[in-house]
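Residue numbers (our numbering), protein chains in the order written: chain A, 1 to 112; chain W, 1001 to 1150.
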Amino acid sequence: MSQKVRIAQLSCGPEYSGVQKEIYDAAKAVDAEIFFPDIALADVERAVASFGLDVKSADLKLMIARAMALVEGKVDADGGDHSSAPVSGAPRRRSSETNFAGTFPSTPDFRW
Amino acid sequence: MAKVFIYPATSLILSDLVARFGHKPLGSALGIRERIQTAGVDSPPLQITPEEPKRGLKYAAVEVPSGVRGRMAIYGPLIEEAEAAVIVTDADLAFGCMGCARTDELILFSLRQKGIPILELKYPTNEEEGVQFVAAIKNFLAGLPKESEE
């Protein structure tokens, strides 16, 4: 059995719009699977600061951080150039489809 | 026991504080629980179907993005039910993340329009403020009626 094509979902709000199932169905139709790149809370804060777009919505910040993780090669998705080494030198992570654990870790910079 | 809407609605700390001081916290967990306990996996991860943005039309106009209306389908009924509210502004993402800033504005507006007792606090940034923060919530909750008027 061939390995499924892994597609990273970068979005803001489709899970609340009632269209998330359509996205999963569309991926399934082409024998692919959708995953959400796992990133840490500290990655979000870092990405927002370095990307330079000052958005208010936390979901948008998360989207920016996930996109940057993909571009920097910290997270693996199919369809991009996988031959180059990660820009930051950090090891690549293969995100699982349903593993949200990496999104909300306990971080040392958690205040209060 | 009063029904207290918490903002950020995903805050486990706020939810715990409200429950600990003898009231019922109204937050995301209640709205999402109803959906994910439904038999079958219709639209994971949150089981929000195209019906929710339609229900959200009660709280937001049709030209408002469907993501906002879908969220309001969860929070709107909780706001209607609320007898008081605790609002924490400028909260750290780890304290409770609401996701959509436009929905947040609508939630806060709806709560303020409702005319219920509201405690608005700024997120504490040091231990001293943290102690005052918890004390303010405790005092506010102590002043709410223990028995809901039916």
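We treat Cβ as the ideally placed atom computed from N, Cα and C, and that holds for glycine.
Is the separation between the beta-carbon of residue i and that of residue j shorter than 8 Å?
| i | j | result |
| --- | --- | --- |
| W:E1052 | W:A1073 | yes |
| A:K4 | A:A32 | yes |
| A:V44 | A:A29 | no |
| W:L1093 | A:A58 | yes |
| W:G1027 | W:I1006 | yes |
| A:A8 | A:V75 | yes |
| A:K21 | W:S1015 | no |
| W:L1121 | W:F1133 | yes |
| W:P1008 | W:A1136 | no |
| W:T1103 | W:V1068 | yes |
| A:S11 | A:M63 | yes |
Identify which residue in the options has its Cα closest to the Cα of residue i.
| i | options | result |
| --- | --- | --- |
| W:I1087 | W:G1031, W:F1021, W:F1140, W:K1146 | W:F1140 |
| W:R1035 | W:I1048, W:P1025, W:L1026 | W:I1048 |
| W:S1011 | W:P1050, W:A1029, W:K1024, W:M1001 | W:A1029 |
| W:P1077 | W:P1124, W:L1017, W:I1032, W:P1050 | W:I1032 |
| W:R965 | W:L1017, W:E1080, W:I1137 | Only positions 1001 to 1150 of chain W appear in the structure, and residue 965 of chain W is not among them; the question remains open. |
| A:G41 | W:R1069, W:G1096, W:S1066 | Note that residue 41 of chain A corresponds to Leu in the displayed sequence, not to Gly. The option with the nearest alpha carbon to A:L41 is W:G1096. |
| A:S17 | W:A1142, W:V1064, W:R1020 | W:V1064 |
| A:A77 | A:Y24, A:Q20, A:F35, A:I39 | A:F35 |
| W:L1046 | W:D1090, W:R1071, W:A1091, W:S1110 | W:R1071 |
| A:V48 | A:E72, A:V19, A:K61, A:L70 | A:K61 |
| A:G52 | A:M68, A:G73, A:E72 | A:M68 |
| W:K1114 | W:T1089, W:Y1059, W:E1127 | W:Y1059 |
| W:M1001 | W:G1040, W:K1024, W:I1013 | W:K1024 |
| W:K1138 | W:L1119, W:G1099, W:E1127 | W:L1119 |
| W:Y1075 | W:A1061, W:A1142, W:S1066, W:G1056 | W:G1056 |
| A:V19 | W:K1054, W:N1126, W:T1089 | W:K1054 |
| W:P1050 | W:S1066, W:M1098, W:L1017 | W:S1066 |
Can you give the beta carbon distance from residue i to residue j, rounded, assuming they're within the 8 Å contact cut?
| i | j | result |
| --- | --- | --- |
| W:A1082 | W:K1146 | Contact flag wrong, Cβ pair sits at about 16 Å. |
| W:P1117 | W:A1084 | 5 Å |
| A:I23 | A:P37 | With a Cβ gap of about 15 Å, A:I23 and A:P37 do not count as contacting. |
Next item on the list: Could you list the residues in the segment 54-78 of chain A with a C-beta less than 9 Å from some C-beta on chain W, going in chain order?
Entry: Cβ contacts with chain W: V55, K56, S57, A58, D59, L60, K61, L62.
| field | Against chain W: residues of the segment 6-36 of chain A by CB proximity under 8 Å | value | Those would be C12, G13, P14, E15, Y16, S17, G18, V19, Q20, K21, Y24, in chain order.
* Along the segment 1095-1108 of chain W, what residues have a CB closer than 8 Å to any CB found in chain A? -> Taking 8 Å as the Cβ-Cβ cut-off against chain A, the residues of the segment 1095-1108 of chain W that qualify are F1095, C1097, M1098, G1099, C1100, A1101, R1102.
Can you check the segment 1081-1106 of chain W for any beta strand (DSSP E) of at least 3 residues that lies completely inside it and give the ranges in chain order?
Complete beta strand (DSSP E) runs here, min 3: 1084-1089.
- request: Could you tell me which uninterrupted alpha helix (DSSP H) segments, each at least 4 residues in length, are contained entirely in the segment 7-32 of chain A, listed from first to last along the chain?
  value: Runs of the alpha helix (DSSP H) inside the segment 7-32 of chain A: 14-17, 20-29.
Problem set entry | Any beta strand (DSSP E) of 3 or more consecutive residues that is wholly inside the segment 29-57 of chain A | Whole beta strand (DSSP E) segments, 3+ residues: 32-35.
Members of the segment 1009-1038 of chain W near chain A, C-beta cut-off 7 Å: Hits within the stretch: zero.
* Taking a cut of 7 Å between CB atoms, which residues from the segment 1074-1090 of chain W lie near chain A? -> Listed in sequence order: no entries.
* To do: Check each residue of the segment 37-50 of chain A: if its Cβ is closer than 9 Å to any Cβ of chain D, include it; give the result in chain order.
  => The chain labelled as chain D is not found among the protein chains of the depicted structure, namely A and W.
Subject >> Residues of the segment 1047-1066 of chain W whose Cβ lies closer than 8 Å to any Cβ of chain A, in chain order >> reply: Of all residues in the segment 1047-1066 of chain W, only I1048, T1049, P1050, E1051, E1052, P1053, P1065, S1066 come within less than 8 Å of chain A when Cβ atoms are compared, listed by chain position.
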